[in-house]
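So the structure is just underneath, and the comments pick up after that.
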Amino acid sequence: MSTPGPNPAVADGGTPAPLQAGPGPSPWDDAVLAAVLMTIDPVGTGGVALRALPGPVRDQWLSIMRDLQPEGTPMRRIPLHVADGRLLGGLDLAATLNAGRPVAEKGLLVEADGGVIELSMAERIAPGTAARLNMAFDSGEVVLERDGLALRTPSRFAVVALDEGVGEDEGLLNALLDRLAFHLDLNYLRYDQAIACDYDVEDVVAARPRLSQVTISDAQVETLCNIALALGIPSLRASIFASRVACAHAALEERTEVTDEDLAIAGRLVLAPRATQLPPMEPPPDAEPPPPEPEEPNQDEEQSNQEPQEPQELQDKILEATQAAIPAGLLAQLQMGKLRRSRARATGKAGAVQNAPSRGRPAGVLRGEPRAGQRLNVIETLRAAAPWQRIRREERARAGKPSNRLEIRQDDFRITRFKHKSESTTVFVVDASGSSALHRLAEAKGAVELLLADCYVRRDQVALVAFRGQGAEVLLPPTRSLVRAKRSLAGLPGGGGTPLASGIDLGMMMADGVQRRGGTPVLIIMTDGRANVARDGTGGRTRANEEALAAARMVRSLEIAALVIDTSPRPQPQGRELAREMGAVYLPLPHADANALNQAVRATAG
């Protein structure tokens, strides 16, 4: 292995792992070792979740991983929007038409049997594709039942999932992430830290036969399970992966039994990245209790008392080594009681997914005729007709009709389904009344500018409605232009009454228009909820409040996603009641800042 370097995980002056001689290994050393151990036991470890942006560091790791594969190992790369026919296999259309009988075609999962699959842009993989991949993971075979075929083909492989997500809201699906033993993050490594690997393919080839001879005791497995429990790891797969990694490391070091060093490696590479809590601290020992009265111990108790307490000491050592490998930033979050957020899907652009007859991204095929602008899928139509050609020729021959080279019938027609994400529009309805209006408008400006900066990625729009005095007005129609937004917000006066109902009505009309055009509106209302001006411009708190609640119920009936931000210095019941009647999320934010507003808006829209 390469020369160990300082461990950045012990950034607070803590001591290195006690089972290691000298300083702990660097993150790059662990990443290279993970590639070696995955290659030794690809099926047992599942693979690697590699979180890194495209660059020289990731390319270096992938190059090392590929060089470690023995000769003849199948390597396949699965693109992001792979079709089911290419992934699982299906009907070989050309061979079927030539032979007159169904001929199967192998999919990528079958071709990768005994090898490695590279999953590109894994953070954006479709849930259906991930489910099919997980099914092959769990069963070790690909079940194909389509196009007149019924096949079960062995498929055992490892996956290298390339996660290019940015931020905590982008990442692999939990179901896929849980099936990969190693979780690596190379985003913070410099290129000069990505050095070569001291292991080569000969070491891997020599270690594979020894893997079946390595033994691990029940006490060692129990130790790994207890460590996973202490770190708050809910999945049992983590303990299984840790056991397999410990055996693979023992085979690499030419040992037939798992040692403490192998357990420490497994804890550092498998359990530490999955930690969701710090191990519980032992309370200080109290006064020693009086010794119990002597009793005659039986033979079993005498034998248990004579056994050394090595398992507990071993667990403490492995736990310390695993805890030292947890990144310092994560340790700080855990100490504050902030568990890592689940990397459930929140990636890409906002907006609801809608079906479309002729535009968008292909989303499968349906049986039917190409009507109302729908597109005929010629390939799938031929694929549906191919298995029946011999039977149809025989039918035509018995009827005395000439046989065509290709018999297509109405039931064979297939049309392509399309889906597209509708454009999301965030409509801000800002209370510009009162003495603190200028402060609220400043926060709205910051939130709008941050949202506009995200528009290049999320492809959404922002609109702004302000209400003050006796009515409401549209300051900014839906737009992505940051310059236009700043010009519309500049110079807006504040003060006057609070026509809350008029502001909600205008924002609702704008959101309803977006919804009717096929978009996805999100209504954000920033107010203290103290309405005092009715729709006709007359004063009166009672009537103004009733009209505001009636307008809120209208928003709820239109099923518009909404967020009510209470900007009063102290949260008041009026704002909470308004959110309840609207069916909106209520956020008391007396001291709002642009970043907090942006996060709240993205959570509501996503």
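Letter by letter, the sequence shown follows residues 1 to 606 of full-length UniProt numbering. Every residue, glycine too, gets a C-beta built ideally from N, C-alpha and C.
So residue i and residue j are in contact, right, with Cβ under 8 Å, and what is the actual spacing, rounded?
i, j, result
"S433", "G495", "7 Å"
"L406", "Q389", "7 Å"
"F467", "D512", "Rounded, the Cβ-Cβ distance is 17 Å, inconsistent with contact."
"Y191", "P56", "5 Å"
"D528", "Q572", "6 Å"
"residue 611", "V427", "No answer is possible for residue 611: it lies beyond the span of the chain, which begins at 1 and ends at 606."
"H183", "P273", "4 Å"
"R86", "A112", "Not confirmed; about 12 Å, so no contact."
"L269", "L68", "Actually they are not in contact, since the Cβ atoms of L269 and L68 sit about 16 Å apart, beyond 8 Å."
"V474", "V465", "6 Å"
"residue 667", "R237", "Only positions 1 to 606 of the chain appear in the structure, and residue 667 is not among them; the question remains open."
"T153", "E141", "6 Å"
The beta strand (DSSP E) that contains residue i, what's its start and end?
i, result
"residue 670", "Coverage of the chain is limited to positions 1 through 606, which leaves residue 670 absent and any answer about it impossible."
"G89", "89 to 91"
"Q461", "461 to 468"
"A104", "104 to 106"
"R76", "75 to 78"
"L50", "47 to 51"
"E118", "116 to 119"
"D192", "Neither: D192 is in no beta strand (DSSP E) and is coded neither H nor E."
"D163", "158 to 163"
How is the alpha helix (DSSP H) around residue i delimited, first residue to last?
i, result
"L37", "27 to 40"
"T129", "127 to 139"
"T479", "Unbroken run through T479 is the beta strand (DSSP E), 471 to 479; no alpha helix (DSSP H)."
"F241", "237 to 252"
"V204", "201 to 211"
"V555", "541 to 557"
"P234", "Counting along the chain, P234 falls outside any alpha helix (DSSP H), and DSSP gives it neither H nor E."
"R392", "389 to 398"
"T381", "378 to 385"
"E577", "573 to 582"
"L229", "218 to 230"
"L62", "56 to 67"
For residue i, which residues in the same chain have their Cβ closer than 6 Å to its Cβ, ignoring the five residues on either side in sequence?
i, result
"R210", "A251"
"A52", "R58, L186, N187"
"T73", "G115"
"N545", "A531"
"residue 610", "Any question about residue 610 goes unanswered here, given that the chain covers just 1 to 606."
"Y586", "V564, R576, A579"
"G583", "R556"
"P478", "T425, Q461, A463"
"residue 660", "No information on residue 660 is available, as it lies outside the stretch 1 to 606 that the chain covers here."
Closer than 7 Å by C-beta to residue i: which residues in its own chain qualify, once you throw out the five before and the five after it? Chain order, please.
i, result
"A21", "Bear in mind that the predicted position of A21 carries a pLDDT of just 36, short of 50, making it too unreliable to give a figure here."
"A344", "Reliability fails at A344, whose pLDDT of 36 lies under 50, so the model's placement of it is uncertain and the value that follows must be treated cautiously. Cβ within range, chain order: N174."
"L172", "A49, A122, E123, A161, D163, R343"
"R208", "I40"
"residue 613", "Look at the range of the chain in this structure, 1 to 606, and you will see that residue 613 is not part of it."
"V533", "Q470, G497, T498, P499, G539, A544"
"L382", "L93"
"I415", "V365, L366, G368, P370, Q374, R375, L376, N377"
"R146", "G90"
"L189", "P27, W28, V57"
Once you ignore the five residues that flank residue i on each side, which residues in its own chain have a CB closer than 8 Å to its CB?
i, result
"A246", "I216, Q220, L224, V258, D262, L263, I265, A266"
"Q299", "Per-residue confidence for Q299 stands at a pLDDT of 46, beneath the threshold of 50, marking its modelled position as unreliable; no derived number is given."
"L549", "E577, L578, E581"
"P283", "With a pLDDT of 49 at P283, under the threshold of 50, the modelled position of this residue cannot be trusted, and the question is left open."
By DSSP's criteria, residue i is part of a beta bridge. Which residues make up the other side?
i, result
"D260", "Partner(s): none; D260 has no beta bridge."
"I525", "V429, V564"
"T520", "S424"
"L413", "The identity of residue 413 in the sequence shown is Phe, whereas the question assumes Leu. In the DSSP output, where bridge partners are listed per residue, F413 has none listed."
"P588", "D566"
"R274", "BP columns for R274 are empty, so no partner."
"H81", "In DSSP, H81 forms no bridge with anything."
"M178", "It is worth fixing the name first, because residue 178 is Asp in this sequence and not Met. Note: D178 sits in no beta bridge, so no partner."
"E170", "Partner(s): none; E170 has no beta bridge."
"L184", "L50"
"R367", "R414"
"R146", "L149"
"V533", "G539"
"residue 624", "Because residue 624 is not part of the residues shown, which for the chain are 1 to 606, the question remains open."
"T215", "E257"
* Would you call the stretch 79 to 95 and the stretch 39 to 57 touching, i.e. three or more CB-CB distances under 8 Å? -> no
* For the stretch 149 to 161 and the stretch 191 to 202, state whether three or more C-beta atom pairs, one from each stretch, are separated by less than 8 Å. => no
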